[in-house]
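J.:
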Amino acid sequence: MGLNPFVIQMLEQLKGRPSICEGTPEEGRAMLAQTRAVYGDGPEMVQAVTLNLPSRGGDLTARLLVPTDNPAGLIVYLHGGGWVVGSIKDFEALGRSLALASGCAVLLPEYRLAPEYPFPAALEDTEDALLWCFGEMEMRFGNALPLIVAGDSAGGNLAAVVANRLAGRLPLAMQVLFYPVTDCDFTRPSYAKHGTGFPLTASDMRWFFELYAPGGDWTRPDISPLRQPDPSTAPPALVVTAEYDVLRDEGHAYAAALRAAGVPVSAREMTGVPHGFIRWHNLMPEVQAEIASIGAQIARACSETVKP
1 MGLNPFVIQM
11 LEQLKGRPSI
21 CEGTPEEGRA
31 MLAQTRAVYG
41 DGPEMVQAVT
51 LNLPSRGGDL
61 TARLLVPTDN
71 PAGLIVYLHG
81 GGWVVGSIKD
91 FEALGRSLAL
101 ASGCAVLLPE
111 YRLAPEYPFP
121 AALEDTEDAL
131 LWCFGEMEMR
141 FGNALPLIVA
151 GDSAGGNLAA
161 VVANRLAGRL
171 PLAMQVLFYP
181 VTDCDFTRPS
191 YAKHGTGFPL
201 TASDMRWFFE
211 LYAPGGDWTR
221 PDISPLRQPD
231 PSTAPPALVV
241 TAEYDVLRDE
251 GHAYAAALRA
261 AGVPVSAREM
271 TGVPHGFIRW
281 HNLMPEVQAE
291 IASIGAQIAR
301 ACSETVKP
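Under the numbering used here, residues 1 to 308 are what the sequence shown spells out, in order.
This is the structure in structure tokens:
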């Protein structure tokens with residue numbers, strides 16, 4: 001399918017803008033923060049509070065978004081940004097939209113970023129947030145809600161890795177991965193086909209990896225979950241890819257690897273769009289519809305989890 005007309009217009013507006021890898025991490029974070037106003041505040045919530053969670057790295061700030069007095073589940077959402085840029089402030093509007101669509105509460109943890117805090121800091125924060133939720137959320141909501149881990153891009157990477165690491169320790173109902181980073185192979189065809197001219201370039205991805213961890217660690221399953229030798233104990237997965245994305249092929253490969261290991265997998269691809277589309281909830285009707293469909297799928301998984 002050809003590019004969506006909205007995407008064509010957006011790419012025209014972005015012409016001449018330097019790639020994120022051409023600047024510093026601080027400049028990249030500022031560039032992403034400038035987009036907050038474009039995405040708005042998101043839907044109103046019954047409750048939206050800032051929490052401080054205990055973690056190995058000290059207190060971890062998180063934002064809890066509750067769409068209803070009786071949420072169907074709890075989604076721990078890890079934001080994207082290559083492990084280097086991004087903040088829960090940049091993704092709160094998306095979290096609110098996902099909460100409304102699924103009927104689930106959404107927790108956005110402010111995990112530590114590289115290069116100031118390289119691997120495994122973000123992964124440790126993710127694990128600690130999930131374990132805290134499992135131990136504490138029943139007290140907050142009055143019952144043990146189905147627990148889901150989700151994320152986009154590098155956040156999808158963290159979600160996939162932690163879903164494997166905590167298998168058998170934490171009863172996750174589902175993992176929801178939006179265009180996740182699952183491998184360190186920059187030679188896949190989607191890198192060659194979509195590596196330039198889009199918001200996320202092949203050079204950006206290499207820059208993110210270099211800032212996140214030493215090259216000798218990139219093939220570890222805790223960084224490249226596609227290399228997990230046995231993902232069979234992972235929770236059911238929803239893997240969402242973008243047609244015009246350097247990460248498209250590894251997203252497909254990860255869904256196939258989980259399926260081959262016996263993990264229930266649902267795979268979706270948004271056509272006509274590049275990496276990052278999930279934040280465009282108030283800009284493209286097609287993305288609104290996609291979030292609504294994904295939210296309904298999450299709600300069904302929560303309903304099935306709590307059945308006697």
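Yeah, the Cβ is synthetic: ideal placement off N, Cα and C, and Gly gets one too.
Could you give the residue range of the alpha helix (DSSP H) that holds Met137?
T.: In the sequence shown, counting from the first residue as 1, residue 137 sits at position 137. Residues Ala121 to Phe141.
J.: Looking at the secondary structure, which residues open and close the alpha helix (DSSP H) in which Glu92 lies?
T.: Position 92 of the sequence shown, counted from the start, is the residue given in the question as residue 92. Where Glu92 is concerned, the enclosing alpha helix (DSSP H) stretches over Ile88 to Ser102.
J.: Can you tell me which of the three DSSP states Thr233 falls into?
T.: Mapped onto the sequence shown, residue 233 falls at position 233. Of the three classes helix, strand and coil, the one that applies to Thr233 here is coil, per DSSP.
J.: Taking only the alpha-carbon atoms, compute the straight-line gap between Lys307 and Gln297 and give it to the nearest angstrom.
T.: Locating residue 307 in the sequence shown gives position 307, counting from the first residue. Locating residue 297 in the sequence shown gives position 297, counting from the first residue. In this prediction, Lys307 has a pLDDT of 48, which is less than 50 and means its spatial position is unreliable; what the coordinates show is noted afterwards. So the alpha carbons of these two residues sit roughly 16 Å apart.
J.: Please report the straight-line C-alpha distance between Gly251 and Leu211, rounded to a whole angstrom.
T.: Translated into positions along the sequence shown, residue 251 becomes position 251. Translated into positions along the sequence shown, residue 211 becomes position 211. The straight-line gap from Cα to Cα measures roughly 22 Å.
J.: Would you check if the distance between the CB atom of Tyr254 and the CB atom of Thr182 is smaller than 8 Å?
T.: Mapped onto the sequence shown, residue 254 falls at position 254. Mapped onto the sequence shown, residue 182 falls at position 182. In contact: Tyr254 and Thr182 (Cβ atoms closer than 8 Å).
J.: Which residue marks the beginning of the beta strand (DSSP E) containing Ile75, and which one marks its end?
T.: Within the sequence shown, residue 75 is the residue found at index 75, counting from 1. Its beta strand (DSSP E) spans residues Leu74 to Leu78.
J.: What did DSSP end up calling Glu12 once you bin it into helix, strand or coil?
T.: Position 12 of the sequence shown, counted from the first residue, corresponds to residue 12. In this structure, Glu12 counts as helix in the three-state DSSP scheme.
J.: Do you know whose CA, among Leu107, Gly80 and Gly86, lies nearest Arg96's CA?
T.: Residue mapping note: residue 96 aligns to position 96 of the sequence shown, counting from 1. Among Leu107, Gly80 and Gly86, the Cα nearest to that of Arg96 is on Leu107.
J.: Going by DSSP in three states, Phe6 sits in which element: helix, strand or coil?
T.: Working through the sequence shown from its first residue, we reach residue 6 at position 6. In the structure shown, Phe6 sits in a helix (DSSP, three-state: H, G or I).
J.: For Asn70, count neighbouring C-beta atoms within 10 Å of its own C-beta (all shown protein chains included) and say buried if the count is 16 or more, exposed if not.
T.: Your numbering for residue 70 matches position 70 in the sequence shown. Asn70 should be labelled exposed.
J.: Under the DSSP definition of a beta bridge, which residues are partnered with Asp152?
T.: Counting from 1 along the sequence shown, the entry for residue 152 is found at position 152. According to DSSP, which records beta bridges pairwise, Asp152 is partnered with Phe178.
J.: Pick out whichever of Leu258, Ala129, Asp245 and Arg206 has its Cα sitting closest to the Cα of Val7.
T.: On the sequence shown, position 7 is the one that residue 7 refers to. It is Asp245 whose Cα lies nearest to the Cα of Val7.
J.: What residue range does the alpha helix (DSSP H) around Ala261 cover?
T.: As a first step, residue 261 must be located in the sequence shown, where it is residue number 261. That residue, Ala261, is in no alpha helix (DSSP H); it is neither H nor E in DSSP.
J.: Quick one, are the C-beta atoms of Gly168 and Ala159 less than 8 Å apart?
T.: Here residue 168 is taken as the residue at index 168 of the sequence shown, counted from 1. Here residue 159 is taken as the residue at index 159 of the sequence shown, counted from 1. Contact flag unset, no.
J.: Would you call the region 45–53 and the region 223–240 touching, i.e. three or more CB-CB distances under 8 Å?
T.: no
J.: Quick check on the burial criterion: 16 or more other C-beta atoms within 10 angstroms. Buried or exposed for Val265?
T.: Here residue 265 refers to the residue found at position 265 of the sequence shown. By the neighbour-count rule (16 or more Cβ atoms within 10 Å), Val265 is buried.
J.: Starting from Leu238, follow its DSSP beta bridges and name the residues at the other end.
T.: The count along the sequence shown starts at 1 and reaches residue 238 at position 238. Partner(s): Val176 and Ser266.
J.: So which of Ile88, Gly86 and Val162 has the shortest CA-CA distance to Pro171?
T.: The residue you call residue 171 lines up with position 171 of the sequence shown. Per the Cα distances, Val162.
J.: Quick test of the definition: if touching needs 3 or more C-beta pairs under 8 Å, does the region 236–243 touch the region 51–59?
T.: Three or more Cβ pairs closer than 8 Å define a contact, and the region 236–243 falls short of that threshold against the region 51–59.
J.: Determine the closest residue to Phe209 out of Gly81, Leu14, Pro67 and Asp41, with distance taken between C-alpha atoms.
T.: Against the sequence shown, residue 209 aligns to sequence position 209. It is Gly81 whose Cα lies nearest to the Cα of Phe209.
J.: Three-state secondary structure (DSSP) at Ala37?
T.: On the sequence shown, residue 37 is found 37 positions in, with the first residue counted as 1. Here Ala37 sits in helix by DSSP.
J.: Less than 8 Å separating the beta-carbons of Thr126 and Leu78?
T.: Position 126 of the sequence shown, counted from the first residue, corresponds to residue 126. Position 78 of the sequence shown, counted from the first residue, corresponds to residue 78. In contact: Thr126 and Leu78 (Cβ atoms closer than 8 Å).
J.: Hey, could you find the ends of the beta strand (DSSP E) Leu65 is sitting in?
T.: In the sequence shown, the residue the question calls residue 65 occupies position 65. Leu65 -> beta strand (DSSP E) spans Leu60 to Val66.
J.: Between the Cα of Arg248 and the Cα atoms of Pro115, Gly272 and Phe134, which residue gives the shortest distance?
T.: The sequence position of residue 248 within the sequence shown is 248, counting from 1. Comparing Cα positions, the closest option is Gly272.
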